[in-house]
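Worksheet: one structure, shown below.
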Amino acid sequence: MILGGVRAVVYTDILQVFILLAGVMAIMATAIMEVGGISRVWDIAWEHGRVELWNINPDPLQRHSLWMVIIQGYFLSLLVFGMGQPQVQRICSVSTWNKAIGAHYLNLAIFILLLICCYLVGLSVFAVYADCDPLATGEIKKADQILPFYVIDRLSGIYGLPGLFVASLYAGGLSSYSSQINAVAAVMWEDFLKDSAWVASMREERRPYVNVLVSVITGMIGVVAGIVSTQVGGVFQASQIILGTINAPLLGLFLLGMCCPFANKLITDLVFANDKVIFAGSLEVLVMAFEALHEESRPLRLEVSWPKTKVQVFEGLLKETVPPPYVFPLYLMSYTLYSLVGVSITVFVGAVTSVVSKPWTTQKTGKIYVHPTFYALQRRWEKRFASKDLPSASSQYLVPLKRY
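Residue 448 is where the sequence shown ends in the working numbering, and the numbering goes up by one at each step.
As structure tokens, then:
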């Protein structure tokens, strides 16, 4: 039997997750053993100021702090698991509500395990090169090349380990990429192509090829985007900026509809929200992201101990970052706050424009579409001002929330 669609993606993702975990754990174990144990790795990271567990400084202009990491993690989780098409399609494909919850908990456990392993890999590789920075010596060109450099420099003599590392890289990339391509093809077919005149004129046996064509085009766009991403400073920061500038306003639109019962639901208002509110949220964050990607200030490099350095360098190394020209403080905001800014702008502009343009619509707001807390506030408000003959969400329009 030929498997396709979500089922094929799920089966391949399971295999790729095991390959990814195997590669990460193998590199983590070898690096920790080379340094001298996990306690030694922690001590080196602590000595060089790479561990900031309780940095509670609320300054939004600094790169990382406890609050910024919490905010980033919260909104990224909402982006990925609350409205991400690959995750939503998987949850909708299970047969019962309890299985969907169980899938989320299992995903949470595996995700936490993978994060811990990745953090330990970063700390252990940092400990290996703590006295000789390959970026300062010119052996690598970008900071995110340190892990492949470590595999080539220290692990090339271990049979099979470089190949496992390459396999884990491809597994991590393809697992996400295949899910996104499948999700885009499904959304394009369901929302745009299925009822179009072009598809309606096709014979039934040719329609599956439309999804194939959409997948090919999406893949080509992804390849071009990958080539362009090599021109930015770091892959991780660039990925966070993309999530914050593109997906955060979309999350804001979902939250606007879920938390604001008075948000307009007419077709013209939806067009207004999609064209203006998302644009307003994306525009501001895109400007901030552009300034951040072209910012000359970078995280401090390592202090180099020359007796342990294999390559001699005849250029001065600065221990402090050179202050850049004056930039508007908003553009210096940490990239971890881009998601918060995008969501906040979208919700605020959407709520204000809904109230100003059409405060109350003749359509009733169903209970299943609004968060229970905000729905209760709406009903309380309606009862308080019932004498003003405002339209209310009567019970005949409510549909009970079912758990399948």
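Where a beta carbon is used, it is the ideal one built from N, C-alpha and C, also for glycine.
Pick from the options: whose alpha carbon is nearest that of residue i?
{"i": "Ser383", "options": "Gly201, Lys143 and Val124", "result": "Val124"}
{"i": "Tyr55", "options": "Ile114, Ser222 and Asp87", "result": "Ser222"}
{"i": "Ser283", "options": "Leu120, Ser219, Glu249 and Ile160", "result": "Leu120"}
{"i": "Val267", "options": "Gly126, Ile225 and Val256", "result": "Ile225"}
{"i": "Leu127", "options": "Phe298, Thr397, Trp141 and Gly182", "result": "Note on identity: in this sequence residue 127 is Met, with Leu being the wrong assignment. Here the closest residue by C-alpha is Phe298."}
{"i": "Val195", "options": "Val165, Tyr253 and Gln131", "result": "Val165"}
{"i": "Glu234", "options": "Arg51, Ser83 and Gln133", "result": "Gln133"}
{"i": "Val53", "options": "Asn99, Trp111, Ala244 and Ser137", "result": "Ser137"}
{"i": "Tyr163", "options": "Asp239, Leu191, Asp197 and Lys186", "result": "Leu191"}
{"i": "Leu218", "options": "Ser109, Asn99, Ile412 and Gly270", "result": "Gly270"}
{"i": "Pro102", "options": "Met77, Asn255, Ala241 and Met112", "result": "Met112"}
Does the Cβ-Cβ distance between residue i and residue j come in under 7 Å?
{"i": "Ala75", "j": "Ser168", "result": "yes"}
{"i": "Leu294", "j": "Val387", "result": "no"}
{"i": "Gln116", "j": "Thr380", "result": "yes"}
{"i": "Val79", "j": "Ala211", "result": "no"}
{"i": "Pro305", "j": "Gln129", "result": "no"}
{"i": "Ala292", "j": "Gly301", "result": "no"}
{"i": "Leu64", "j": "Leu376", "result": "no"}
{"i": "Ala229", "j": "Val272", "result": "no"}
{"i": "Ala215", "j": "Gln60", "result": "yes"}
{"i": "Ala144", "j": "Ile135", "result": "yes"}
{"i": "Ile184", "j": "Phe193", "result": "yes"}
{"i": "Val243", "j": "Leu237", "result": "yes"}
{"i": "Arg107", "j": "Ser378", "result": "yes"}
{"i": "His148", "j": "Cys303", "result": "no"}
Using a Cβ-Cβ cutoff of less than 8 Å, which residues in the same chain neighbour residue i once the five nearest sequence positions on both sides are dropped?
{"i": "Leu199", "result": "Ile71, Thr74, Leu205, Pro206 and Phe209"}
{"i": "Cys161", "result": "Leu65, Val68, Met69 and Met72"}
{"i": "Ile58", "result": "none"}
{"i": "Trp98", "result": "Leu110"}
{"i": "Val254", "result": "Trp233, Leu237, Val243 and Met246"}
{"i": "Gln131", "result": "Val124 and Phe125"}
{"i": "Phe62", "result": "none"}
{"i": "Arg251", "result": "Val243"}
{"i": "Trp86", "result": "Val95 and Leu167"}
{"i": "Pro373", "result": "Leu105"}
Near residue i, what residues of its chain come up, given a Cβ to Cβ distance below 6 Å and the 5 sequence neighbours on each side ignored?
{"i": "Ser220", "result": "none"}
{"i": "Glu96", "result": "none"}
{"i": "Asn142", "result": "none"}
{"i": "Ile100", "result": "Leu110"}
Note down, in chain order, each residue of its chain lying with its Cβ closer than 7 Å to the Cβ of residue i, except the 5 sequence neighbours on either side.
{"i": "Thr417", "result": "none"}
{"i": "Gln356", "result": "Unreliable placement is indicated for Gln356, whose pLDDT of 45 sits below 50; no coordinate value is reported for it."}
{"i": "Arg428", "result": "none"}
{"i": "Tyr419", "result": "Pro305 and Lys411"}
{"i": "Asn318", "result": "Reliability fails at Asn318, whose pLDDT of 47 lies under 50, so the model's placement of it is uncertain and no value is given."}
{"i": "Val391", "result": "Gly296, Leu299 and Leu300"}
{"i": "Gly263", "result": "Ile225"}
Are the C-beta of residue i and some C-beta of chain B separated by less than 7 Å?
{"i": "Leu384", "result": "Although the question refers to chain B, the structure presented lacks it and comprises just one protein chain."}
The ligand COA heavy atoms versus the CB of residue i: any closer than 6 Å?
{"i": "Tyr382", "result": "The ligand COA is not part of the structure shown, which contains no ligands of any sort."}
- Message: To test your reading of the DSSP string, which unbroken alpha helix (DSSP H) runs of 4 or more residues are found completely within the region 52-133?
- Response: Scanning the region 52-133 from its first residue to its last, the whole alpha helix (DSSP H) runs of 4-plus residues come out as 82-91 and 110-121.
- Message: Going residue by residue through the region 221-246, where are the continuous alpha helix (DSSP H) segments of at least 4 residues, counting only ones entirely within it?
- Response: Uninterrupted alpha helix (DSSP H) stretches at least 4 residues long and entirely within the region 221-246 occur at 241-244, given in chain order.
- Which runs of the alpha helix (DSSP H) spanning at least 4 residues fall entirely within the region 180-214, listed in chain order? Qualifying alpha helix (DSSP H) stretches, in chain order: 190-198.
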